[in-house]
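Here's the structure we're looking at; comments come further down.
2 protein chains.
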Amino acid sequence: MCAEITKEDLGKKVTLSGWVQRRRDLGGVIFIHLRDRSGIMQLVANSELNKEVFETAENIRNEYVLKVSGEVVLRDEENFNPNIETGELELKLDTMEVLDSANTPPIYIDESDNANEATRLEYRFLDLRKDKIKNNLITRAKTCSVVRNFLDSEGFLEIETPFLGKPTPEGARDFLVPSRIRKGKFFGLPQSPQLFKQILMVSGMDRYYQIVKCFRDEDLRQDRQPEFTQIDLEMSFVDVDDVIDVNERLVKKVFKEIIDYDIEAPIMRMEFSEAMDRFGSDKPDTRFGMELFDLSDLLKDCKFNVFAGPIKNGGSVRAINAKGLADFFSRRDIDALVDYVKTYGAKGLAWIAVNEDGSIKSQITKFLSEEETKGILDRAKAENGDIVFIVADKNKVVYDSLGNLRLHIAKKAEIKMDEGFNFLWVTNFPMFEYDENEKRYKAMHHPFTAPMDEDLDKLESEPGEVRAKAYDLVVNGVEMGGGSIRIHSGEVQQKVFNVLGFSDEEAENKFGFLLKALKYGTPPHGGLAFGLDRMIMLLVDTENIRDVIAFPKTQNHTCLMSDAPSIVSEEQLEELGIEVVDEEE
Amino acid sequence: MCAEITKEDLGKKVTLSGWVQRRRDLGGVIFIHLRDRSGIMQLVANSELNKEVFETAENIRNEYVLKVSGEVVLRDEENFNPNIETGELELKLDTMEVLDSANTPPIYIDESDNANEATRLEYRFLDLRKDKIKNNLITRAKTCSVVRNFLDSEGFLEIETPFLGKPTPEGARDFLVPSRIRKGKFFGLPQSPQLFKQILMVSGMDRYYQIVKCFRDEDLRQDRQPEFTQIDLEMSFVDVDDVIDVNERLVKKVFKEIIDYDIEAPIMRMEFSEAMDRFGSDKPDTRFGMELFDLSDLLKDCKFNVFAGPIKNGGSVRAINAKGLADFFSRRDIDALVDYVKTYGAKGLAWIAVNEDGSIKSQITKFLSEEETKGILDRAKAENGDIVFIVADKNKVVYDSLGNLRLHIAKKAEIKMDEGFNFLWVTNFPMFEYDENEKRYKAMHHPFTAPMDEDLDKLESEPGEVRAKAYDLVVNGVEMGGGSIRIHSGEVQQKVFNVLGFSDEEAENKFGFLLKALKYGTPPHGGLAFGLDRMIMLLVDTENIRDVIAFPKTQNHTCLMSDAPSIVSEEQLEELGIEVVDEEE
Numbered sequence: 001m002c003a004e005i006t007k008e009d010l011g012k013k014v015t016l017s018g019w020v021q022r023r024r025d026l027g028g029v030i031f032i033h034l035r036d037r038s039g040i041m042q043l044v045a046n047s048e049l050n051k052e053v054f055e056t057a058e059n060i061r062n063e064y065v066l067k068v069s070g071e072v073v074l075r076d077e078e079n080f081n082p083n084i085e086t087g088e089l090e091l092k093l094d095t096m097e098v099l100d101s102a103n104t105p106p107i108y109i110d111e112s113d114n115a116n117e118a119t120r121l122e123y124r125f126l127d128l129r130k131d132k133i134k135n136n137l138i139t140r141a142k143t144c145s146v147v148r149n150f151l152d153s154e155g156f157l158e159i160e161t162p163f164l165g166k167p168t169p170e171g172a173r174d175f176l177v178p179s180r181i182r183k184g185k186f187f188g189l190p191q192s193p194q195l196f197k198q199i200l201m202v203s204g205m206d207r208y209y210q211i212v213k214c215f216r217d218e219d220l221r222q223d224r225q226p227e228f229t230q231i232d233l234e235m236s237f238v239d240v241d242d243v244i245d246v247n248e249r250l251v252k253k254v255f256k257e258i259i260d261y262d263i264e265a266p267i268m269r270m271e272f273s274e275a276m277d278r279f280g281s282d283k284p285d286t287r288f289g290m291e292l293f294d295l296s297d298l299l300k301d302c303k304f305n306v307f308a309g310p311i312k313n314g315g316s317v318r319a320i321n322a323k324g325l326a327d328f329f330s331r332r333d334i335d336a337l338v339d340y341v342k343t344y345g346a347k348g349l350a351w352i353a354v355n356e357d358g359s360i361k362s363q364i365t366k367f368l369s370e371e372e373t374k375g376i377l378d379r380a381k382a383e384n385g386d387i388v389f390i391v392a393d394k395n396k397v398v399y400d401s402l403g404n405l406r407l408h409i410a411k412k413a414e415i416k417m418d419e420g421f422n423f424l425w426v427t428n429f430p431m432f433e434y435d436e437n438e439k440r441y442k443a444m445h446h447p448f449t450a451p452m453d454e455d456l457d458k459l460e461s462e463p464g465e466v467r468a469k470a471y472d473l474v475v476n477g478v479e480m481g482g483g484s485i486r487i488h489s490g491e492v493q494q495k496v497f498n499v500l501g502f503s504d505e506e507a508e509n510k511f512g513f514l515l516k517a518l519k520y521g522t523p524p525h526g527g528l529a530f531g532l533d534r535m536i537m538l539l540v541d542t543e544n545i546r547d548v549i550a551f552p553k554t555q556n557h558t559c560l561m562s563d564a565p566s567i568v569s570e571e572q573l574e575e576l577g578i579e580v581v582d583e584e585e
Numbered sequence: 001m002c003a004e005i006t007k008e009d010l011g012k013k014v015t016l017s018g019w020v021q022r023r024r025d026l027g028g029v030i031f032i033h034l035r036d037r038s039g040i041m042q043l044v045a046n047s048e049l050n051k052e053v054f055e056t057a058e059n060i061r062n063e064y065v066l067k068v069s070g071e072v073v074l075r076d077e078e079n080f081n082p083n084i085e086t087g088e089l090e091l092k093l094d095t096m097e098v099l100d101s102a103n104t105p106p107i108y109i110d111e112s113d114n115a116n117e118a119t120r121l122e123y124r125f126l127d128l129r130k131d132k133i134k135n136n137l138i139t140r141a142k143t144c145s146v147v148r149n150f151l152d153s154e155g156f157l158e159i160e161t162p163f164l165g166k167p168t169p170e171g172a173r174d175f176l177v178p179s180r181i182r183k184g185k186f187f188g189l190p191q192s193p194q195l196f197k198q199i200l201m202v203s204g205m206d207r208y209y210q211i212v213k214c215f216r217d218e219d220l221r222q223d224r225q226p227e228f229t230q231i232d233l234e235m236s237f238v239d240v241d242d243v244i245d246v247n248e249r250l251v252k253k254v255f256k257e258i259i260d261y262d263i264e265a266p267i268m269r270m271e272f273s274e275a276m277d278r279f280g281s282d283k284p285d286t287r288f289g290m291e292l293f294d295l296s297d298l299l300k301d302c303k304f305n306v307f308a309g310p311i312k313n314g315g316s317v318r319a320i321n322a323k324g325l326a327d328f329f330s331r332r333d334i335d336a337l338v339d340y341v342k343t344y345g346a347k348g349l350a351w352i353a354v355n356e357d358g359s360i361k362s363q364i365t366k367f368l369s370e371e372e373t374k375g376i377l378d379r380a381k382a383e384n385g386d387i388v389f390i391v392a393d394k395n396k397v398v399y400d401s402l403g404n405l406r407l408h409i410a411k412k413a414e415i416k417m418d419e420g421f422n423f424l425w426v427t428n429f430p431m432f433e434y435d436e437n438e439k440r441y442k443a444m445h446h447p448f449t450a451p452m453d454e455d456l457d458k459l460e461s462e463p464g465e466v467r468a469k470a471y472d473l474v475v476n477g478v479e480m481g482g483g484s485i486r487i488h489s490g491e492v493q494q495k496v497f498n499v500l501g502f503s504d505e506e507a508e509n510k511f512g513f514l515l516k517a518l519k520y521g522t523p524p525h526g527g528l529a530f531g532l533d534r535m536i537m538l539l540v541d542t543e544n545i546r547d548v549i550a551f552p553k554t555q556n557h558t559c560l561m562s563d564a565p566s567i568v569s570e571e572q573l574e575e576l577g578i579e580v581v582d583e584e585e
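Those sequence lines, one after another, are chains E and D.
Everything in the first sequence is counted per UniProt numbering, starting at 1 for the first residue and increasing by one.
Everything in the second sequence is counted per UniProt numbering, starting at 1 for the first residue and increasing by one.
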């Protein structure tokens, strides 16, 4: 292939096939950059040396497909091109065959192309010719290969689970597939192989994995696609440390082999509660400070009810110190920050700036005692030039607001971050979240997540305090994977259903076949799933999930290249026993 | 694991986890067969040596999950069990922990189980505990690993193509997925990644593969599932021999590494026309003879219009000689054979038996001249005891009837076949089949299959004579894979559409995005897809596709374990803008 030719091949006759990246006619000599998957090779057609080839070369255009042969020669030194691998070589052409011509492409096949994304997605087959996305896909393929070889060597069996599954009533929205043979019934495309992989453990398969498409019919955010890929695995006869160990070795191997990056092992672990207290997030970006701190003890008796009120109602007052940024934010900027935290449910955002001269600027200090203000600034370790942002509310709102504000400010102010990747296991998640609307506990992961042994006795008395054997792998503030040990005891499972308020009938309806399986001898088991798309995004350093998927969809679930979804015939719908009753405009 | 323990471990203390396969209480001593994925280990609990363990052992039942530790010791010689790998060893127990109890399983976890398939599918998690299906899945995983490693080493890139695709108007019936965001529109689950893999070649990916689920909403036959798995690949800058070469090396590697079977390479090739003439099938089972032979030249002028008529109308009279089977078939058996060929469209089945004494028995010889009868028997090389079966009809009916009759008789009479695997490439398929109903040509593979270079000039004048660069890999009469070189020239593509009678608009509607892609520089390309399920069926020697799939569906598209498909809520349908108008009883 083009880029596989080296100086060792000088003087050799070679045959290459590829696309015309560029053609320069210098009058009597035509230089062509021929591109294949590997890279570029320069071809030379000289009218004096080979008239026939030269005449062919005169008529080719960009993106024509050629098959050429010739001799590998050294370029003149002034023509060396350090930007391409074969930059010191060129091919003196003997033959040139045009395998296919090409219309003028509507986008420029080069990294400098600035066509809008819609055009690029419509002409995805051309966009994929560019180095960046092509190399992303190569990285993706290599990563899958490394993952599979590692898991094979660790005794994991790759086992396929069904795509035409049972619709699940919990969790995100399913994509449904009407059954023609059993009219009126529907398959659900899997949101994950969760139940099936647990069934495989019940079946004695011991260790399972699969790199598998999963489906969620959600409204799309920047980093979501309706179909996405998981590295999904499950192990029997294990506890938390066993699952963490094998996955730590897996990611270490991937990052080393794919981008030659050494992950420090063992990877740091942080309890969920610490992650929330310090970073206001269960996926903290630990590459920089600006950590949250709690002011509740200082302010619980203060006269300013905006602070004291939430504390009395079980909430808290917490803050972050944006070091040295007192002057960075104008009043208008700060108003924007107030609006920003409101999107996370906060009623407001208090702030205290310490001017460079040590004086204090704030709209709230008038409501506080001097001691209280000093206490806040002491705890913030505030120095001249700092600005402290404070939120008082229910804990969830405080964490969400400040956790996100921290990231927002870091981005705005281009705060310096650690280089490389900060890996972190977040562990010991709560088993349950209390749903204020439904006035009941809900499972934070799913109802099969095992409680921590030491919290088992609180399952009935203080369910809100029970922690789960659940763990997420977080990298630079991105959740790359997560999982848990599952319940394998019928007794514990029943208690968890009681906390969730499920009747036997409900449990049976929702999870019938797994519950049935659990009755026939279940090994302790647990597992994890990585988001492959996110893993590749980290490896190739992009924030656009569409850069790592060959044929992605837009935010409204459309493939601009193939024009899916599309209208189908009445006959097809009739065969399925369904009718369209509501159509998009 | 259980079966990993060898005599080298004698005297060692080991810990094992698994399921109770069997428990024998000999009074004071309890023997337990502990089973894990690897196999069986015998445990011994002796009341005198360890009272606590013995008491635990007294209360366990089949399929309980245990964690045990103890010392590896040699069994008494009279207790050696040659049927299990660890048959000379046992574990003298120090500890035994019951990790989970188990209800009495509704099926027997042993190869001797004879529960009906419906019960086994309902309790699939128990059925999977049996050696046979478990080992099939292990073989399947190993096969995928061998395939991937081979294709990786050959420069193929694993690239994922979408599951939520555009419904395709040609071919088998699509499964449809209603879009919620674009109400009234539908995705189609892919019948194969055909168009996308061609697009990837247009994109310059050079070599692609994927082990991928495909979907066809057909009524199920014995060896079909609504979702099945393909090893799908495509290559650029290749012709037929290149594709055949790499795939030949692939299957050779798979059969060697998985079952230590040497495939003779190069694999024999046979033109489609020869396969039909000799075996009446494009997937001939070449492990035995009983080949078809043509009698048309002998009988074209005979007075028996049942023979002469079809020949005059462009059909033929062909026959097979069931050697030595004249006495094997009773008159009733022969009547059943007549009924059998009628299912393939034949109007009847003529026969001539040569008795052991050389006399002839037949109902048709009275309509033939002596010369004609002798001619038939000569051509059949008929000897005493043989019976010749004759079909006269349109060629398609003659081939179908005799091709299938040949297999049917071979099975009934248990004809001796070659041992092992007869691999065969069937090549040079016709481009087009004439559809008598629609009075037009249809593509035999798909409209992007390339014609053979030497037949190009017949594309417009004699389309029925044009052969395609298409090839199937047939093993013991089973089509294990197939593919073709694709058209990469717009001009040829247009001619093919003309033959098929597509208007520009139709072509655009049916294949729009591929046609568009083909305009921007397309490399010559081709590929192949293997049926993974069928490959595994051959490797593990089963005729039941459900034996090689972890969670298969029944003939009416139902998963008996999870009870998919199922009814969904009105709210879900409303969100999708559809309504059920026809329900199963």
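All C-beta atoms in this analysis are idealised placements derived from N, C-alpha and C, irrespective of residue type, glycine included.
If you're wondering where the values come from, they're calculated on a predicted model, not measured in any experiment.
- Residue pairing from DSSP places CYS559/D in a beta bridge opposite ALA564/D.
- Contact between SER145/E and ARG207/D does not hold, since their C-beta atoms are separated by about 14 angstroms, which reaches or exceeds 8 angstroms.
- Of GLU71/D, VAL14/D, GLY165/D and GLY70/D, the smallest CA-CA separation from CYS559/E is found for GLY165/D.
- In the three-state scheme derived from DSSP, where H, G and I count as helix and E and B as strand, GLN21/D is classed as strand.
- In this structure, DSSP gives CYS302/D a state outside helix and strand, which the three-state scheme calls coil.
- Minimum Cα-Cα distance from SER69/D among the listed residues ILE84/D, LYS12/D, ALA118/D and ILE40/D corresponds to LYS12/D.
- According to the DSSP assignment, GLN42/E belongs to the beta strand (DSSP E) that extends over 39–46.
- The Cβ-Cβ distance between PHE432/E and ALA443/E falls below 8 angstroms.
- Taking a Cβ-Cβ threshold of 8 angstroms, the residues of chain E close to VAL177/D are PHE175, LEU176, VAL177, LEU189 and PRO565, in chain order.
- Counting only the Cα atoms, ARG534/E lies some 23 angstroms from MET561/E.
- Considered as a whole, the segment 163–243 of chain E harbours 194–202 as its complete alpha helix (DSSP H) runs of no fewer than 4 residues, in chain order.
- Per DSSP, PHE150/D is one residue of the alpha helix (DSSP H) stretching across 131–153.
- In summary, GLY464/D is exposed, with fewer than 16 beta-carbon neighbours lying within 10 Å of its beta-carbon over all protein chains present.
- Annotation: VAL466/D is outside any alpha helix (DSSP H) and is labelled neither H nor E by DSSP.
- About 12 angstroms separates the beta carbons of GLY289/D and ASP386/D, which is beyond the 8 angstroms limit, so they are not a contact pair.
- The CB of GLU584/D comes closer than 9 angstroms to the CB of SER179, ILE181, ARG182, LYS183, GLY184, LYS185 and GLY577 in chain E, given here in chain order.
- With a beta-carbon spacing of about 6 angstroms, ASP262/D and LYS256/D fall inside the 8 angstroms limit used to define contacts.
- SER484/D is classed as buried because its beta carbon has at least 16 other beta carbons within 10 Å across all chains shown.
- Pairwise C-beta distances place the segment 93–104 of chain E in contact with the segment 43–53 of chain E, as three or more of them are shorter than 8 angstroms.
- TYR441/E sits in a strand when the DSSP states are folded into three classes.
- Assignment of SER362/E by DSSP, reduced to helix, strand and coil, places it in the strand class.
- VAL388/E has its alpha-carbon roughly 12 angstroms from the corresponding atom of ASN355/E.
- As a beta-bridge residue in DSSP terms, PRO451/E pairs with ALA468/E.
- Proximity of chain E to THR558/D at the Cβ level (cut-off 8 angstroms) is accounted for by ARG182, in chain order.
- Contact of ASN422/D with chain E is not assigned, every C-beta pair being separated by 8 angstroms or more.
- The straight-line gap separating the alpha-carbon atoms of VAL391/E and ARG332/E is approximately 19 angstroms.
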